[in-house]
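To start, the structure under review is shown below, and the notes come after it.
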Amino acid sequence: MVRMTVTADVSRTPVSKDLAERARLLAENCDEWLHRVRLDPQGRWYERLHADADHEVWIISWLPGQSTGFHDHGGSAGAFAVALGSLKEVAVNGNGTVSTWTLEAGQAHGFGEHYIHDVRNVSTAPAISVHVYAPVLSTINRFDLSPSGELVTLKTEQSEEW
C-alpha cells in the first residue's frame, strides 16, 4: 500500500461540463436503454452502452447500500447523472477535506481528470445512473481514506478487469 497526499481535481472544466450535459440528456431519455438495466444484490450492475475514440458511456444500477468506494478514473475526465432515485457523492478535495452532497434524478455532476470520489446509494430504493468518460477509461485506482485525510492506494484495476 502506498500513502499519498490528496491531489483531487474538483474543478469543472469545459470538458467535464460537456460530459455532464451528455450524461444528463442520456439519463433524461432513458427509454432507449432502461430495458437493459438489471438489479444485482451482490453488487452494482453496470454495462457499457457506447465507446468510441472520443468517449464512453456506462449505465449503473445501485441497490440500497451499494457503493463504489473511493476511486479515480485513471486520468479521464467524467460525469454522471442520476436517471432514477438518488445517489450520495463524497469527494476528496485537494486540501484533504471531504465534500458530500446528494444528486437526485435529473441532476448531473462533471469532474476533471484527477478527481477522487465515492458514490453510494444511501436511500431505501434502487437508483440508476449514466456515466460518461473522456477519454475512454483504461485504469481505475482504488483508495482508502485515512482518518487524517490521507489517501492510501489499495490497487489499480485495468479495463480488462471490468
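Start counting the sequence shown at 0; every next residue gets the next number (numbering that gives the first Met the number 0). Glycine is no exception: its CB is placed at the ideal position from the N, C-alpha and C atoms. Owing to the predicted nature of the structure, the values given are computational and were not obtained by experimental measurement.
Does the beta-carbon of residue i have 16 or more other beta-carbons within 10 angstroms, so that it is buried, or is it exposed?
i	result
ASN28	exposed
TRP61	buried
HIS34	exposed
ALA50	exposed
HIS42	In the sequence as displayed, the identity of residue 42 is Gly instead of His. The residue is exposed, with fewer than 16 neighbouring Cβ atoms inside 10 Å.
LEU37	Here residue 37 turns out to be Arg, not Leu, going by the sequence shown. Per the 10 Å Cβ criterion, exposed.
GLY68	exposed
LEU24	exposed
GLU112	buried
ALA107	buried
What number of angstroms, rounded off, separates the C-alpha of residue i from the C-alpha of residue j?
i	j	result
PHE142	SER66	13 Å
VAL121	TRP100	11 Å
HIS72	VAL56	13 Å
ALA52	PRO134	7 Å
GLU20	PRO63	26 Å
HIS162	ALA22	As shown, the chain starts at 0 and ends at 161. That puts residue 162 outside it, with no answer to give.
GLY95	GLU88	16 Å
LEU83	TRP44	14 Å
ASP39	GLY105	23 Å
THR123	PRO13	34 Å
GLY93	PRO146	16 Å
How about residue i and residue j: are their beta carbons less than 8 Å apart?
i	j	result
HIS116	VAL151	no
LEU86	ARG119	yes
HIS54	TYR114	no
LEU48	TRP32	yes
Our contact map puts residue i next to residue j with C-beta atoms below 8 Å; I'd like the distance itself, whole angstroms only.
i	j	result
GLY109	LYS16	5 Å
If we count Cβ pairs, one from each stretch, closer than 8 Å, do we get three or more for the segment 66-84 versus the segment 126-141?
-> yes
Are there three or more Cβ pairs, one per stretch, closer than 8 Å when the segment 92-109 is compared with the segment 151-158?
-> no
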